[in-house]
Structures are given as C-alpha cells and as structure tokens.
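Peer 1:
There are 2 protein chains.
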Amino acid sequence: MGMANQVWLYDTTLRDGAQREGIALSLEDKLKIAHQLDRLGIPFIEGGWPGANPKDVQFFWKLQEEPLTQAEIVAFCSTRRPNITPDKDRMLQAILAAGTRWVTIFGKSWDLHVTEGLKTTLEENLAMISDTIEYLRSQGRQVIYDAEHWFDGYKANPDYALETLKAAKNAGAVWLVLCDTNGGTLPQEVNAIVKEVVNSLDIDPNGEGFPKLGIHPHNDSGTAVANGLAGVVEGVRMVQGTMNGYGERCGNANLCTLIPNLQLKMGYHCLSEGQLTQLTQTSRLISEIVNLAPDDHAPFVGRSAFAHKGGIHVSAVQKNPLTYEHIQPEKIGNERRIVISDQSGLSNVLSKAKTFGIELDKGDIICREILERIKTLEHEGYQFEAAEASFELLMRQALGQRKTMFQLKGFQVHCDMLQGEGTPYSNALATIKVTVNGEDKLEVAEGNGPVAALDSALRKALVNFYPEIAEFHLTDYKVRILDGGSGTSSRTRVLVESSNGKQRWTTLGVSPNILEASYQAVVEGIEYGLLLGTKVKEPVELS
Amino acid sequence: MGMANQVWLYDTTLRDGAQREGIALSLEDKLKIAHQLDRLGIPFIEGGWPGANPKDVQFFWKLQEEPLTQAEIVAFCSTRRPNITPDKDRMLQAILAAGTRWVTIFGKSWDLHVTEGLKTTLEENLAMISDTIEYLRSQGRQVIYDAEHWFDGYKANPDYALETLKAAKNAGAVWLVLCDTNGGTLPQEVNAIVKEVVNSLDIDPNGEGFPKLGIHPHNDSGTAVANGLAGVVEGVRMVQGTMNGYGERCGNANLCTLIPNLQLKMGYHCLSEGQLTQLTQTSRLISEIVNLAPDDHAPFVGRSAFAHKGGIHVSAVQKNPLTYEHIQPEKIGNERRIVISDQSGLSNVLSKAKTFGIELDKGDIICREILERIKTLEHEGYQFEAAEASFELLMRQALGQRKTMFQLKGFQVHCDMLQGEGTPYSNALATIKVTVNGEDKLEVAEGNGPVAALDSALRKALVNFYPEIAEFHLTDYKVRILDGGSGTSSRTRVLVESSNGKQRWTTLGVSPNILEASYQAVVEGIEYGLLLGTKVKEPVELS
Numbered sequence: 001m002g003m004a005n006q007v008w009l010y011d012t013t014l015r016d017g018a019q020r021e022g023i024a025l026s027l028e029d030k031l032k033i034a035h036q037l038d039r040l041g042i043p044f045i046e047g048g049w050p051g052a053n054p055k056d057v058q059f060f061w062k063l064q065e066e067p068l069t070q071a072e073i074v075a076f077c078s079t080r081r082p083n084i085t086p087d088k089d090r091m092l093q094a095i096l097a098a099g100t101r102w103v104t105i106f107g108k109s110w111d112l113h114v115t116e117g118l119k120t121t122l123e124e125n126l127a128m129i130s131d132t133i134e135y136l137r138s139q140g141r142q143v144i145y146d147a148e149h150w151f152d153g154y155k156a157n158p159d160y161a162l163e164t165l166k167a168a169k170n171a172g173a174v175w176l177v178l179c180d181t182n183g184g185t186l187p188q189e190v191n192a193i194v195k196e197v198v199n200s201l202d203i204d205p206n207g208e209g210f211p212k213l214g215i216h217p218h219n220d221s222g223t224a225v226a227n228g229l230a231g232v233v234e235g236v237r238m239v240q241g242t243m244n245g246y247g248e249r250c251g252n253a254n255l256c257t258l259i260p261n262l263q264l265k266m267g268y269h270c271l272s273e274g275q276l277t278q279l280t281q282t283s284r285l286i287s288e289i290v291n292l293a294p295d296d297h298a299p300f301v302g303r304s305a306f307a308h309k310g311g312i313h314v315s316a317v318q319k320n321p322l323t324y325e326h327i328q329p330e331k332i333g334n335e336r337r338i339v340i341s342d343q344s345g346l347s348n349v350l351s352k353a354k355t356f357g358i359e360l361d362k363g364d365i366i367c368r369e370i371l372e373r374i375k376t377l378e379h380e381g382y383q384f385e386a387a388e389a390s391f392e393l394l395m396r397q398a399l400g401q402r403k404t405m406f407q408l409k410g411f412q413v414h415c416d417m418l419q420g421e422g423t424p425y426s427n428a429l430a431t432i433k434v435t436v437n438g439e440d441k442l443e444v445a446e447g448n449g450p451v452a453a454l455d456s457a458l459r460k461a462l463v464n465f466y467p468e469i470a471e472f473h474l475t476d477y478k479v480r481i482l483d484g485g486s487g488t489s490s491r492t493r494v495l496v497e498s499s500n501g502k503q504r505w506t507t508l509g510v511s512p513n514i515l516e517a518s519y520q521a522v523v524e525g526i527e528y529g530l531l532l533g534t535k536v537k538e539p540v541e542l543s
Numbered sequence: 001m002g003m004a005n006q007v008w009l010y011d012t013t014l015r016d017g018a019q020r021e022g023i024a025l026s027l028e029d030k031l032k033i034a035h036q037l038d039r040l041g042i043p044f045i046e047g048g049w050p051g052a053n054p055k056d057v058q059f060f061w062k063l064q065e066e067p068l069t070q071a072e073i074v075a076f077c078s079t080r081r082p083n084i085t086p087d088k089d090r091m092l093q094a095i096l097a098a099g100t101r102w103v104t105i106f107g108k109s110w111d112l113h114v115t116e117g118l119k120t121t122l123e124e125n126l127a128m129i130s131d132t133i134e135y136l137r138s139q140g141r142q143v144i145y146d147a148e149h150w151f152d153g154y155k156a157n158p159d160y161a162l163e164t165l166k167a168a169k170n171a172g173a174v175w176l177v178l179c180d181t182n183g184g185t186l187p188q189e190v191n192a193i194v195k196e197v198v199n200s201l202d203i204d205p206n207g208e209g210f211p212k213l214g215i216h217p218h219n220d221s222g223t224a225v226a227n228g229l230a231g232v233v234e235g236v237r238m239v240q241g242t243m244n245g246y247g248e249r250c251g252n253a254n255l256c257t258l259i260p261n262l263q264l265k266m267g268y269h270c271l272s273e274g275q276l277t278q279l280t281q282t283s284r285l286i287s288e289i290v291n292l293a294p295d296d297h298a299p300f301v302g303r304s305a306f307a308h309k310g311g312i313h314v315s316a317v318q319k320n321p322l323t324y325e326h327i328q329p330e331k332i333g334n335e336r337r338i339v340i341s342d343q344s345g346l347s348n349v350l351s352k353a354k355t356f357g358i359e360l361d362k363g364d365i366i367c368r369e370i371l372e373r374i375k376t377l378e379h380e381g382y383q384f385e386a387a388e389a390s391f392e393l394l395m396r397q398a399l400g401q402r403k404t405m406f407q408l409k410g411f412q413v414h415c416d417m418l419q420g421e422g423t424p425y426s427n428a429l430a431t432i433k434v435t436v437n438g439e440d441k442l443e444v445a446e447g448n449g450p451v452a453a454l455d456s457a458l459r460k461a462l463v464n465f466y467p468e469i470a471e472f473h474l475t476d477y478k479v480r481i482l483d484g485g486s487g488t489s490s491r492t493r494v495l496v497e498s499s500n501g502k503q504r505w506t507t508l509g510v511s512p513n514i515l516e517a518s519y520q521a522v523v524e525g526i527e528y529g530l531l532l533g534t535k536v537k538e539p540v541e542l543s
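Just so you know, the sequences run in chain order W and Y. First residue of the first sequence: 1, per the UniProt record's numbering; consecutive thereafter. First residue of the second sequence: 1, per the UniProt record's numbering; consecutive thereafter.
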C-alpha cells in the first residue's frame with residue numbers, strides 16, 4: 001500500500017463539498033467531477049451517502065457501468081442505528097448495494113452527541129461502531145472509520161473518545177479518521193491530540209502498519225490546511241478535504257492547497273509530478289462544473305497566486321523568480337502574471353505588451369500615453385485585469401495598429417412585456433445601423449432578451465463581410481454594478497467572454513446604461529475575434 | 001504598554017491590503033477605513049508609504065486635521081538608500097513629514113536581496129538598518145522594524161539574517177517584525193524559527209521587555225493565520241495583517257480570523273469584548289468601502305460561517321448550539337442562519353418561517369407545498385439563499401397572506417443610441433401599465449438605463465396610492481448569468497437590494513430577458529417594503 005512517505009488523499013467534494021451554500025450538483029455534475037478527480041490521481045473519492053439520498057444511489061449505479069480507472073470510489077454512511085442488528089439497517093443495506101470496495105462509516109466520539117443526539121448509552125455507541133465495521137468486513141468491504149466530532153469529543157471526555165477509536169480499531173477498520181466536524185480546533189491542539197492518539201492506540205508514527213490515521217478538518221477557524229499538515233507531522237497519513245475547499249459554512253480543508261504543501265514543501269508523496277501539473281486546471285474545471293467563480297486569490301491555483309503588481313517588484317521577479325515566488329508556478333500548472341492596474345508602472349505595460357507579441361521600448365512616448373489612458377479609463381470604472389482582450393485593443397489603438405472593421409451609427413432596442421388574461425407575452429427587438437467597408441447596413445433581430453437581440457443584429461450586419469463571425473459565440477456574460485449605493489442608476493461594468501471554438505477572450509464595456517455597456521463589450525469581442533484571425537504567430541490563449 | 005497577555009494588532013489594509021488585484025482606494029476610502037479600524041480598537045494602523053505615493057502624503061495630512069481617537073497611525077518606509085546619510089534620503093524626509101509618532105521601517109534580511117536587489121554589501125545593509133532607526137529615533141519617532149523576507153532569509157543564511165535583527169535591536173527598534181514576504185513558510189517552520197530568534201536575541205518568550213517580536217504572514221501557502229498563531233505561541237506579541245485578508249496574490253493574514261482565534265480560543269487580549277462584537281460589521285463595511293463582495297464563507301465573519309443546511313443538523317443546533325458551533329456567533333457580532341436550499345427539509349422551512357414571525361406546524365400540508373414550490377423554483381434558477389424577502393413573499397403567498405397591492409398589465413422599454421458626427425446620444429424610456437385598487441394606471445419615465453427607467457415609471461404609477469414608496473430606494477443591483485455556456489441567451493438572475501432608510505431587504509427575479517428579471521425583482525422589492533410597513537412587530541433586519 002504505497003511508499004513510506006506517502007500521504008493518501010481522500011476527496012469529499014461530492015459529499016461534504018456539495019454542502020456549501022450555493023452548490024447544487026446534478027447526477028451529471030457528480031460523474032464529471034469524479035472522473036476529473038480520478039484523472040488527477042486522487043486515490044479515494046467519496047461519492048455520497050446512498051442511504052440518505054436517491055441521487056447518490058443512481059451515482060453509484062452509474063459508476064458500476066462506467067468505472068473509474070484508478071481511484072477507489074467510496075460510499076459513506078453512519079454506523080447502524082441503536083438497538084438493531086446491522087443487517088436490519090436500511091442505510092447499511094444501501095451502502096452495500098452501492099457496490100464499492102471501500103466504505104466510510106462515521107460514528108460518534110463525543111459523549112454529549114451519544115446521549116443527547118442519538119439518545120442512547122455510551123456502551124451501545126461502542127457496540128454500534130464495532131458491529132457495523134465487523135458486519136461490513138464480513139461483506140467483503142474495507143472500512144474507513146470517520147470519528148465525528150473527534151477533537152471536541154476528546155476535549156470533553158478523552159477516555160471515552162479514545163474508547164470509540166479502540167472499538168473501531170479492534171473491529172478491523174483500516175483507517176481511523178479524526179474529524180474536526182465543527183472546525184474549531186487550532187493546529188497546536190491537533191499536534192497535541194494526535195500525539196495522544198498515536199501513543200494510546202499504538203499507531204506507528206511513521207505511518208507504517210494498520211490501522212493508519214487520517215484527519216478531516218473543517219475551516220471554521222481558518223486553519224483547516226494547517227490542521228491537516230499538523231496531523232501529518234504527528235503521523236497522520238490520510239487527509240480528507242475538498243477541491244477548492246468547498247464545504248458547509250467556511251468549507252473543508254482545501255486539497256488544492258494541501259497537496260502542494262505536502263508534496264513540494266514537506267517531501268511527502270501525494271501525486272506523480274505529471275499529475276501535480278494538472279492541479280490548477282482541475283481546480284478551475286471543477287469550479288466551472290459546480291458553477292462558482294474560481295477564487296482568484298486561492299493559494300497555488302488562483303489566477304492571482306503568482307501575479308505581480310508593483311513596478312520594482314515586477315522587474316525583480318523577471319530577473320530572479322526565486323526572490324518573489326515561493327514555488328515555481330509551473331509545477332502545479334499555474335503561471336506568473338503581470339497585472340495591469342492604476343499602480344502599474346511602465347515595466348508592467350512593457351511586459352504585458354510582450355505577451356501580446358508587441359515589442360515596446362521603455363523610452364517610447366507611446367508607453368506613457370498607454371499608461372495615462374489606462375489610468376483615465378480605470379478612473380471611469382474600466383478594469384482591465386479581467387479583460388485582457390480589451391486591453392490589447394487599447395494598446396493597438398495607441399500604436400495605430402487598430403483596424404476599423406466597422407463603425408456603429410446607432411442602435412435601438414425595444415422590449416415588450418404583456419401580462420393580461422392570456423399567456424404572458426414578451427419580446428425583445430434590436431435594430432442596428434453600422435458602416436462596413438463604406439457601406440451602411442441596417443439590420444434588425446429578435447432575441448430572448450435585449451442583449452441577445454443586439455448581438456444577433458450585429459452579427460447579421462457583419463457576417464457577409466466577415467464570414468468567420470459565424471464561428472464566434474458568447475460563452476459568458478457578467479454584470480457588475482460599480483457604485484452599488486445608487487441602485488439601478490449606477491454605472492454598470494459588463495464583461496463578455498467570447499469563443500471561436502478554439503480560444504476564449506474577454507472584453508468589457510462600462511456605462512450607466514446596461515445595454516450600452518453590453519454593446520461595447522460585445523462589439524470589442526467581435527473585433528478581437530477578427531484580430532485573432534489575422535495574427536500570424538500562434539495566438540496566445542487568453543483568459 | 002498593555003497587559004501581560006496582550007497581543008497587539010497591526011493593520012496594513014491601507015498599504016499591503018490595497019495591493020490586492022481589483023482594489024483601488026481613493027483618499028476618501030482610505031480615511032473611511034482608518035476611522036473604522038480606529039473605532040474597532042486596532043492599536044496600530046499602517047496608513048501607507050508617503051515617500052512612494054502622493055495619495056498617501058495627502059492621507060497623512062488629512063489625518064493631522066482629523067486625527068484618530070485611539071489608534072496610532074503608522075507611516076511606512078524602507079531603510080535609507082545605500083551610501084547616503086538618512087537626512088539626505090527623500091523617502092525618510094517624507095515619512096517624517098507625515099507627522100506620526102510611530103514609523104515602520106522595512107529592511108533586507110535575505111543576503112540574496114541585498115547583493116542582487118540592492119546591489120550593495122552585506123555590511124552596508126546592516127549600517128542602513130542601524131542608521132535609519134537611530135536617525136528616526138533622534139527625530140522623536142518610535143520605530144517598528146519589519147524584517148522583509150525574514151523566513152526565506154533565515155533559511156538561506158541564518159547567521160546573516162540574525163545579524164540584521166540584532167542591528168535593528170541595538171539601534172533601538174521597539175518591535176522586530178518577522179515578515180514572510182513570499183508567503184511560503186509553514187507553521188511548523190514558524191515555530192522552529194521564532195524559537196531560534198527568541199534564543200539568539202534574548203527576547204522574553206512571555207512578551208515582556210523590549211524589543212518585542214511581531215510577525216507579518218502572507219497567505220501563499222494557505223497558512224497565514226496559522227503562521228500568526230504559531231508565532232504567538234512562541235513569544236510573538238504583534239500580528240500584522242489585513243481586514244478580510246486582502247493583499248497581493250493570495251492575501252495577508254486575515255485579522256478577522258486571527259482576532260477571534262487569539263482572543264476566544266487562546267486567551268490573549270486583542271480587543272475589548274464590546275469591540276469584538278463589532279468585528280463582523282466592520283469586516284462587511286470595509287468590503288463595501290473597497291467595493292468587493294464580502295466572502296460569505298470567511299471564518300467567523302462570513303454570512304455562511306454559522307449557516308446550517310442539513311435537516312437533522314438544524315434541529316440539533318437549535319436544541320444545543322454547542323454541538324454544532326465552535327463559538328457563539330454573537331461574540332463577534334455574527335448570527336446563526338438557517339439556509340433554504342433544495343436539500344432543505346421541513347425543519348428548515350419551519351425555522352425560517354419563525355424568523356419571519358410566521359408560526360407553522362410540521363404536520364400542516366402547507367409546509368410540504370412550500371417545500372415543493374421552492375424545489376420547482378430552484379430548478380428554474382431561483383435561489384433564495386440571498387433573497388430572503390422574496391422567500392417571505394413566497395411563504396405568505398402559500399399561506400394566502402400575500403396581499404395583491406397592484407397588478408402588472410405590461411411594460412415597454414425603449415432604448416436609443418445614436419453615434420454620428422455629433423455627440424453620441426443615448427436615451428432609455430419605459431412605459432408601464434398597472435392596476436391599483438381597480439384603477440388602471442399608465443405611466444412613462446426616462447432613466448440612465450432601462451432598469452432605472454422601469455423602476456421610475458413603476459414608482460410614478462404607485463406613489464399616489466402608497467406614499468411611503470417615496471422613501472424606498474434601490475441600494476444594490478446584481479446580475480448573475482445562470483448557464484454561462486450559452487452567453488447572452490442564458491437565463492439571468494437579478495438580485496435587487498432595497499432600503500427604506502432604516503432596513504434593507506433583497507428580492508430576486510429570473511428570466512432569459514434581463515429586463516424582465518430586473519422588473520420582477522424591483523416589483524417584489526416594492527411589495528416587500530410595503531409589507532414591512534404593515535408588520536406590527538418590530539421588523540427583522542434582513543440581510
């Protein structure tokens with residue numbers, strides 16, 4: 001079972017992660033995530049609680065049809081209910097029906113939860129732990145035992161808490177996992193308490209032999225990752241966490257942070273080097289699947305994790321990355337970024353230009369002009385950090401390299417909504433007038449809403465001149481209000497992501513009128529797509 | 001200088017925090033934040049680097065006019081440049097002109113940064129540290145010495161790194177602050193290295209005497225908070241961090257997490273009990289000032305930090321909060337929340353109803369109906385987690401308690417944009433028809449954009465019937481695209497926050513047409529405001 005310095009990762013994104021407010025996973029989402037995690041090389045993937053949730057039953061069936069290639073998929077369940085035998089417990093029958101080789105069983109460690117929550121005796125709880133594990137083993141399952149509320153239970157009644165773990169050990173659990181269910185434990189407490197467990201249960205502090213120890217931290221004290229590391233320092237060899245730290249309340253331990261810390265800094269083995277380079281991409285894919293914006297500031301995998309802003313700093317990091325970066329971003333598949341902002345110096349503008357394939361000279365007056373223009377626009381609410389395509393257009397304009405592909409004369413948008421006795425009727429219509437190649441084009445189109453109608457009318461007007469437009473489509477559309485305080489009269493910033501099927505790029509528009517801001521962003525999106533087509537060099541993948 | 005178990009907080013939101021991508025602070029913003037932090041009871045507030053930034057010069061001038069009540073405002077600067085005397089250093093003159101009693105000077109600890117970055121000798125760097133501190137002391141300043149890149153410097157060359165600290169100590173710095181500038185250090189390393197510093201520099205490990213130790217962690221390894229705590233365990237008595245963890249790349253140590261850990265869990269004194277209850281509010285106010293959405297999942301102060309989702313769990317937490325909450329949320333001014341989601345059980349619906357002052361019985365068939373209705377709407381893209389006012393309206397409708405205050409017949413929105421030779425012209429016009437008290441009202445209004453025009457027309461139609469509408473205004477307007485993949489044809493979810501000057505409430509609308517979704521949310525906002533006015537009991541502050 002692995003090498004001496006291995007730490008086994010146990011992902012619970014599909015169960016604990018899905019408890020995060022705002023996440024609602026479909027069966028399809030769950031399957032996609034499981035396959036992503038399998039590809040990344042996570043050895044244990046908790047799939048759900050089949051007894052508690054019909055969607056999870058289906059999930060395990062589906063995985064029997066299309067099994068994972070390497071990972072063990074794990075079904076989750078509580079110990080048997082009080083005062084029945086395991087074979088009579090509906091939940092335990094459901095976990096067996098899931099057909100996995102590994103199962104995770106959680107039981108109570110905290111006396112208070114036994115007597116007040118389960119309303120049973122401390123002795124019966126010990127029997128529930130032993131019986132359940134023995135029964136599942138008799139059915140050919142390998143058992144991971146999750147000691148719920150372990151740290152709080154230990155603090156309240158250490159002797160009893162240790163007895164529950166001993167019951168699990170004696171019944172033959174392969175892993176004993178110490179859960180910080182309420183997330184209130186600090187790293188120094190983890191150090192001390194894991195030490196006690198290692199001594200009392202005669203666990204090998206180097207992680208050899210069985211049972212082995214695991215840890216399951218929550219982030220309510222902001223120390224979930226540190227708690228995981230503290231556990232490993234004391235002999236724990238399994239860390240349970242979630243991708244991007246998703247989870248109830250403040251989340252679970254973030255595997256995207258734990259893995260590089262364990263592997264690149266503490267010398268443990270979690271993934272192969274090649275798998276590790278997939279970490280950033282997997283993190284972002286999963287955030288797409290769960291439909292949450294990725295955290296740009298996440299350690300290691302965030303878009304800003306290796307972003308450099310200040311001027312002096314930027315020149316230094318380019319000379320010797322070691323001076324300003326704690327690890328090489330490539331090792332985890334992330335990259336260094338130079339940020340454009342109102343604190344930008346010339347060196348940032350130069351480096352950014354370079355990534356667009358534009359060579360500028362520091363002495364060139366055009367550089368200062370670009371900087372001034374950025375500052376003015378940012379003052380008006382433009383923000384180029386997330387809209388690099390608009391930024392490139394701005395640069396090319398300053399350099400006289402921006403080709404006018406068409407000119408807007410005007411547009412009209414008309415929306416109707418009727419609610420009478422009959423079915424409600426709603427319609428959006430856009431009329432647009434543009435000049436292309438000296439020719440005036442007037443077009444009209446309908447859409448689900450006013451922005452879709454505008455987008456559609458514009459394409460109609462341009463597609464005969466630029467046939468490649470037929471391939472472009474909008475892949476994301478985001479709206480941000482700039483000064484929330486003034487409600488619907490506020491200025492609106494619209495970001496539009498477009499795609500030509502191969503690349504994606506983001507453009508922006510700002511206006512008090514949401515339709516005008518949208519229109520600006522849509523137009524720049526089309527213009528940038530056309531520009532990409534004319535670039536000779538291999539175009540850069542823009543985020 | 002304080003009591004024996006005091007940990008001094010040092011906030012650098014205004015300098016290091018402002019380095020976060022997406023933050024751009026005006027002078028006004030900076031002043032507001034400084035006063036908020038002063039009110040919270042932070043003893044040291046770093047205001048900026050007056051030598052490097054003209055805005056910061058103005059900031060310190062302004063604070064001389066309107067000084068803080070309790071906090072020390074601190075000016076930040078590097079040591080003198082190589083090979084000049086401090087009195088000739090323009091930056092140091094600027095820091096003196098800032099007129100603060102305390103100054104923070106940062107210097108190099110890492111030999112590599114001295115020879116490659118500053119291009120000077122290791123000896124000259126020691127002289128730069130001593131000279132600068134002595135000079136500033138001769139000008140009546142108290143000096144905090146920030147040892148930049150301390151941990152990396154110590155790992156590379158411990159002897160030299162310690163010499164730099166000794167130079168600062170001998171020159172009379174009051175505080176020696178160990179900075180983890182690149183954020184790559186793990187808590188167990190902090191423990192070991194701080195221990196070394198305490199021994200080598202003869203620091204009192206209980207934090208008595210001078211100099212005292214501070215720590216300045218960054219979050220690139222996801223352990224900034226844990227690193228701060230590890231420092232304190234070993235004798236550190238100042239923690240430098242930022243509100244909400246703002247800062248470059250992955251942020252700085254989050255004071256909103258550090259403070260409750262230190263004070264409620266580790267027994268140190270940071271703030272008075274009363275000040276501590278202001279923590280959540282201050283965190284949210286500052287996120288408003290910097291114009292970033294608050295992190296709902298932030299430990300302690302996040303909106304979800306004490307949110308409970310699962311059904312069984314919810315009944316348990318109401319019986320005995322200790323079983324599922326690591327601290328009492330009231331201590332830091334946060335509150336317990338019961339979340340409505342598609343995983344909601346009946347008990348969630350009941351608890352939520354209770355917070356609206358609606359008593360429901362579990363056996364009541366209406367409960368199941370509400371649950372079914374929520375599930376259907378959530379499937380369509382509605383999400384009530386952030387729109388509790390809309391949720392209350394839904395409940396009251398199911399109970400037959402929703403009064404029809406007006407009926408929409410229809411609306412038309414017309415937007416014009418003309419771009420010709422002259423000034424671009426843009427206009428938004430909305431026509432609306434509603435029935436109020438059996439009377440048809442047709443109204444028209446203009447606005448900056450189509451949503452503002454719609455809002456305005458609706459008010460015009462209703463204000464004679466419901467004069468209190470004149471007091472209502474929209475305080476926030478958010479748009480989220482539900483299925484990003486289909487661009488502008490996607491369904492749109494609009495959240496509208498309204499206020500009557502005393503309370504705020506949030507309503508939502510969903511539609512493929514952004515104007516229709518906006519209209520739904522605006523209408524429910526007005527309806528809910530009217531409902532609040534009719535409530536007999538003290539109305540609940542809704543978030």
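By construction, the Cβ of each residue, glycine as well, lies at the ideal position given by its N, Cα and C atoms.
Among Y:Leu-458, Y:Thr-404, Y:Gln-407, Y:Ala-156, which one has its Cα closest to the Cα of Leu-429 (chain Y)?
Peer 2: As a first step, residue 429 (chain Y) must be located in the second sequence, where it is residue number 429. Of the candidates Y:Leu-458, Y:Thr-404, Y:Gln-407, Y:Ala-156, the one whose C-alpha sits nearest the C-alpha of Leu-429 (chain Y) is Y:Leu-458.
Peer 1: Excluding five sequence neighbours on each side, which residues of the same chain lie with their C-beta closer than 6 Å to the C-beta of Tyr-268 (chain Y)?
Peer 2: Residue mapping note: residue 268 (chain Y) aligns to position 268 of the second sequence, counting from 1. Asn-5, Val-7, Leu-262.
Peer 1: Please determine, among Y:Ile-432, Y:Lys-195, Y:Thr-534, Y:Leu-201, the residue with the shortest C-alpha to C-alpha distance to Cys-415 (chain W).
Peer 2: Counting from 1 along the first sequence, the entry for residue 415 (chain W) is found at position 415. For the residues Y:Ile-432, Y:Lys-195, Y:Thr-534, Y:Leu-201, the minimum Cα distance to Cys-415 (chain W) belongs to Y:Ile-432.
Peer 1: Looking at the structure shown, is Asp-342 (chain Y) part of a helix, part of a strand, or coil, going by DSSP?
Peer 2: In the second sequence, the residue the question calls residue 342 (chain Y) occupies position 342. Here the model assigns Asp-342 (chain Y) a pLDDT of 46, short of 50, so the residue's position is not dependable and the matter cannot be decided.
Peer 1: Short check: CB of Ala-253 (chain W) to CB of His-297 (chain W), under 9 Å?
Peer 2: Locating residue 253 (chain W) in the first sequence gives position 253, where the first residue counts as 1. Locating residue 297 (chain W) in the first sequence gives position 297, where the first residue counts as 1. Not closer than 9 Å, so no.
Peer 1: Can you list, in chain order, the residues of its chain with a C-beta nearer than 6 Å to that of Gly-41 (chain Y)? Leave out the 5 residues immediately preceding and following it.
Peer 2: Within the second sequence, the letter at position 41 stands for residue 41 (chain Y). Closer than 6 Å at Cβ, skipping near neighbours: Leu-271, Gln-275.
Peer 1: Taking the alpha carbon of Lys-108 (chain Y) as the point to measure from, which residue in Y:Ala-147, Y:Ser-138, Y:Ala-71 has its own alpha carbon closest?
Peer 2: Taking the first residue of the second sequence as position 1, residue 108 (chain Y) is located at position 108. Nearest option by C-alpha distance: Y:Ala-147.
Peer 1: Less than 9 Å between the beta carbons of Leu-515 (chain W) and Thr-506 (chain W), yes or no?
Peer 2: Within the first sequence, residue 515 (chain W) is the residue found at index 515, counting from 1. Within the first sequence, residue 506 (chain W) is the residue found at index 506, counting from 1. Cβ atoms of Leu-515 (chain W) and Thr-506 (chain W): not closer than 9 Å.
Peer 1: By a C-beta neighbour count over all protein chains shown, 10 Å radius and 16 as the cutoff for buried, is Val-114 (chain Y) buried or exposed?
Peer 2: Position 114 of the second sequence, counted from the start, is the residue given in the question as residue 114 (chain Y). Counting Cβ neighbours within 10 Å, Val-114 (chain Y) comes out buried, since at least 16 surround it.
Peer 1: Leu-530 (chain W) and Glu-443 (chain W) - do their beta-carbons sit closer together than 9 Å?
Peer 2: Counting from one through the first sequence, the residue named residue 443 (chain W) turns up at place 443. Counting from one through the first sequence, the residue named residue 530 (chain W) turns up at place 530. Not closer than 9 Å, so no.
Peer 1: From what residue to what residue does the alpha helix (DSSP H) around Ala-34 (chain W) run?
Peer 2: In the first sequence, residue 34 (chain W) corresponds to position 34, counting from 1. Its alpha helix (DSSP H) spans residues 27–40.
Peer 1: DSSP state of Asn-427 (chain W), grouped into three classes?
Peer 2: Working through the first sequence from its first residue, we reach residue 427 (chain W) at position 427. Strand at Asn-427 (chain W).
Peer 1: Tell me where the alpha helix (DSSP H) around Val-194 (chain Y) begins and ends.
Peer 2: Numbered from 1 along the second sequence, position 194 holds the residue referred to as residue 194 (chain Y). Per DSSP, Val-194 (chain Y) belongs to the alpha helix (DSSP H) from 187–200.
Peer 1: Could you tell me which of Y:Ile-95, Y:Val-233, Y:Trp-49, Y:Ile-374 sits nearest to Leu-346 (chain Y), measuring between CA atoms?
Peer 2: Position 346 of the second sequence, counted from the start, is the residue given in the question as residue 346 (chain Y). Considering only alpha carbons, the answer is Y:Ile-374.
Peer 1: What's the gap between the Cα of Leu-178 (chain Y) and the Cα of His-35 (chain Y)?
Peer 2: For the purposes of this step, residue 178 (chain Y) is taken as residue 178 along the second sequence, with counting starting at 1. For the purposes of this step, residue 35 (chain Y) is taken as residue 35 along the second sequence, with counting starting at 1. So the two alpha carbons sit approximately 27 Å from each other.
Peer 1: On the premise that Gln-407 (chain Y) lies in contact with Thr-435 (chain Y), defined as a C-beta separation below 8 Å, what is that separation, rounded to the nearest angstrom?
Peer 2: In the second sequence, residue 435 (chain Y) corresponds to position 435, counting from 1. In the second sequence, residue 407 (chain Y) corresponds to position 407, counting from 1. Right, their Cβ atoms sit about 4 Å apart.
Peer 1: What does Lys-55 (chain Y) reach in chain W if we use C-beta pairs closer than 7 Å?
Peer 2: If you number the second sequence from 1, residue 55 (chain Y) lands on position 55. Going along chain W, no residue has its Cβ under 7 Å from Lys-55 (chain Y), so there is no contact; the nearest lies around 10 Å.
Peer 1: So what does Gly-447 (chain W) bridge to, in DSSP terms?
Peer 2: Position 447 of the first sequence, counted from the first residue, corresponds to residue 447 (chain W). Per DSSP, W:Ala-428.
Peer 1: Should Ser-138 (chain Y) be labelled buried (16 or more other beta-carbon atoms within 10 Å of its own) or exposed?
Peer 2: In the second sequence, the residue the question calls residue 138 (chain Y) occupies position 138. Exposed: under 16 other Cβ atoms inside 10 Å.
Peer 1: For Gln-19 (chain Y) and Gln-240 (chain Y), I'd like the C-alpha separation in whole angstroms.
Peer 2: Looking up residue 19 (chain Y) in the second sequence gives position 19. Looking up residue 240 (chain Y) in the second sequence gives position 240. When rounded, the distance between both Cα atoms is 15 Å.
Peer 1: In the DSSP output, which residue or residues are listed as bridge partners for Val-479 (chain Y)?
Peer 2: Start at 1 with the first residue of the second sequence, and residue 479 (chain Y) comes out as number 479. In DSSP, Val-479 (chain Y) forms a bridge with W:Val-479, Y:Val-494.
Peer 1: Starting from the beta carbon of Lys-441 (chain Y), find every residue of chain W whose beta carbon is closer than 7 Å, and list them in chain order.
Peer 2: Mapped onto the second sequence, residue 441 (chain Y) falls at position 441. Residues of chain W passing the Cβ test: none, with the nearest at roughly 14 Å.
Peer 1: Quick one: what's got a C-beta closer than 7 Å to Lys-55 (chain W)'s C-beta in the same chain, skipping five residues either side?
Peer 2: The residue you call residue 55 (chain W) lines up with position 55 of the first sequence. Here the set comprises Leu-27.
Peer 1: Around the Cβ of Glu-392 (chain W), are there at least 16 other Cβ atoms within 10 angstroms (buried) or fewer (exposed)?
Peer 2: The residue given as residue 392 (chain W) occupies position 392 in the first sequence. Per the 10 Å Cβ criterion, buried.
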